[in-house]
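Remarks on the structure that follows.
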Amino acid sequence: MAKIIRTQRAKTAGVRSLPKKAAKAKVKTGTKAGAIVKSKANATVARMAPRPKVAKAPRPWSADEVREAFTRFQKANPEPRGELEHLNPFTLLVAVVLSAQATDAGVNKATRTLFEVADTPEKMIALGEKRLQDYIKTIGLYRTKAKNVIALSEKLIRDFGGEVPRTRAEIESLPGAGRKTANVVLNMAYGEHTLAVDTHVFRVGNRTGLAPGKTPLEVELGLEKVIPAEFMLHAHHWLILHGRYTCLARKPRCEVCLINDLCRWPEKTV
Ligand code: SF4
């Protein structure tokens with residue numbers, strides 16, 4: 028309380044010490060943050076409120092720069108592989124559904140034994156929801172995921188002859204599968220030029236300025252627009268691996284980054 032009274036007194040004293048007209052001017056205009064009021068006696072009264080930072084949009088990458096970045100990724104890792112273990116399109120689909128909000132390593136640990144007994148929709152249904160839960164109980168949200176895996180197995184048999192379909196809309200119609208799942212399956216199982224945006228790709232797309240976007244879909248469409256067709260098959264994995272092992276969320280390893288000269292992130296450390 029004492030501090031508040033002293034501050035108020037000091038403010039009042041400041042106004043009084045100005046000539047009458049100048050004091051009036053201060054009361055009129057000097058109350059806005061950051062306003063500077065000059066009295067006739069040339070006294071400057073300033074409130075040093077920090078100006079809000081206006082984030083500048085990064086300079087877009089040129090086509091040559093994008094080509095250069097992906098040429099480097101390709102040279103460093105010509106055949107990048109996803110880290111989710113699977114045996115066929117069905118087990119890939121199941122692994123991706125199980126991987127929502129879970130790590131690939133955690134999913135692999137559970138699916139290694141699961142896929143030994145259930146690598147087709149028919150076998151998954153025969154296993155049943157309860158026993159499936161036992162196999163995957165180390166994975167977050169396992170009850171919901173078990174329900175979805177049984178339901179999607181049933182739908183695959185009922186509507187798609189037991190095969191994983193080849194279109195995004197059809198895969199998205201399966202319980203537990205969204206756009207990201209569809210993109211991963213289409214890319215890894217069927218070689219389509221789709222680009223799944225997970226947390227790593229989202230971060231890399233935004234940080235580097237390659238494809239800034241507020242949503243995964245915006246980033247996905249932005250990346251599709253700038254990445255040359257010849258790199259699209261592996262672009263998803265290069266970007267995921269880059270985000271997972273180099274452009275880390277908390278402490279990006281800019282000093283060993285292959286594209287650090289091209290990256291637009293103002294906070295990069297090189
Ligand atoms: S320079 Fe740093 S921030 Fe930019 S992509 Fe590389 S690791 Fe990420």
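One gets my numbering by counting positions in the sequence shown from 1 and adding 27 to each. No residue lacks a Cβ here, since even glycine has one placed at the ideal position from N, Cα and C.
Give the secondary structure of E110 by DSSP, where H, G and I count as helix, E and B as strand, and everything else as coil.
Coil at E110, not helix or strand.
From K157 to K164, what does the alpha carbon distance come to, in whole angstroms?
Answer to the nearest angstrom: the Cα atoms are 10 Å apart.
Got a sec? Which residues, its chain only, sit under 7 Å from C281 by beta carbon, not counting five neighbours each side?
Excluding sequence neighbours, C281 sits near N287, K295, T296 and V297.
How many angstroms separate the CA atom of I198 from the CA atom of P107?
Rounded to the nearest angstrom, the two C-alpha atoms are 24 Å apart.
Using only CA atoms, which one of R99, K241 and R139 lies nearest to T118?
T118 has its Cα closest to that of R139, out of R99, K241 and R139.
Under 6 Å from any heavy atom of the ligand SF4, by CB: list those residues in chain order, please.
Cβ-based neighbours of the ligand SF4 within the cut-off: R234, T235, T273, C274, P279, R280, C281, C284, I286, N287, C290, W292 and K295.
If we ignore side chains and look at the alpha-carbon of each, how far apart do F187 and R193 end up?
Using only the alpha carbons, I get a separation of about 10 Å.
Of all the alpha helix (DSSP H) runs that stay within the bounds of the segment 155-235, which reach a length of 4 or more residues?
DSSP runs (the alpha helix (DSSP H)) wholly in the segment 155-235: 156-163, 169-187, 195-199, 206-217 and 226-235.
Thinking N214 and T221 are a contact (beta carbons under 8 Å), I'd like their distance in whole angstroms, please.
Contact holds; Cβ gap of about 5 Å.
Determine the direct distance from the alpha carbon of V283 to that of R206, and round the result to whole angstroms.
The straight-line gap from Cα to Cα measures roughly 32 Å.
Closer than 8 Å is the cut-off here; do at least three beta carbon pairs connect the segment 218-236 with the segment 172-191?
No, the segment 218-236 is not in contact with the segment 172-191.
Mapping DSSP to helix, strand and coil, what is L248?
It is helical.
Give every residue of the same chain whose Cβ lies closer than 7 Å to the Cβ of E251, excluding the five residues on either side of it in the sequence, and list them in chain order.
Correct list, in chain order: L222.
Can you tell me where the alpha helix (DSSP H) with W88 in it begins and where it stops?
Segment: none, W88 is in no alpha helix (DSSP H) and carries neither H nor E.
Candidates L285, R291, E219 and A256: which alpha carbon is nearest A103's?
The shortest Cα separation from A103 among L285, R291, E219 and A256 belongs to L285.
Leaving out five residues on either side along the sequence, give the residues of the same chain with a beta carbon under 7 Å from the beta carbon of F142.
The residues are L114 and T118.
Which stretch, first to last residue, makes up the alpha helix (DSSP H) that contains K136?
That run of the alpha helix (DSSP H) goes D131 to V144.
I want to see whether chain B comes within less than 8 Å of T242, judged by CB atoms only; does it?
You won't find chain B in this structure, because it holds only one protein chain.
CB V134 to CB I177, shorter than 8 Å?
For V134 and I177, no; Cβs fall outside 8 Å.
Taking only three categories from DSSP, how would you classify R280?
In the structure shown, R280 sits in coil (DSSP, three-state: anything other than H, G, I, E or B).
If I'm right that A122 touches L111 with Cβ under 8 Å, what's the distance once you round it to whole angstroms?
Yes, they are in contact, since the Cβ atoms of A122 and L111 sit about 4 Å apart, within 8 Å.
Alpha carbon to alpha carbon, what distance is there between V144 and A153?
Spanning the two alpha carbons is a distance of roughly 10 Å.
Drop a sphere of 10 angstroms on the beta-carbon of G203, count the other beta-carbons inside from all chains shown, and report buried for 16 or more, exposed for fewer.
That one is buried.
Kindly indicate which three-state DSSP category A238 falls into: helix, strand or coil?
In the structure shown, A238 sits in coil (DSSP, three-state: anything other than H, G, I, E or B).
Between which residues of its own chain and S200 is the CB-CB distance below 6 Å, once the five residues before and five after are set aside?
Same-chain partners within the cutoff: there are none.
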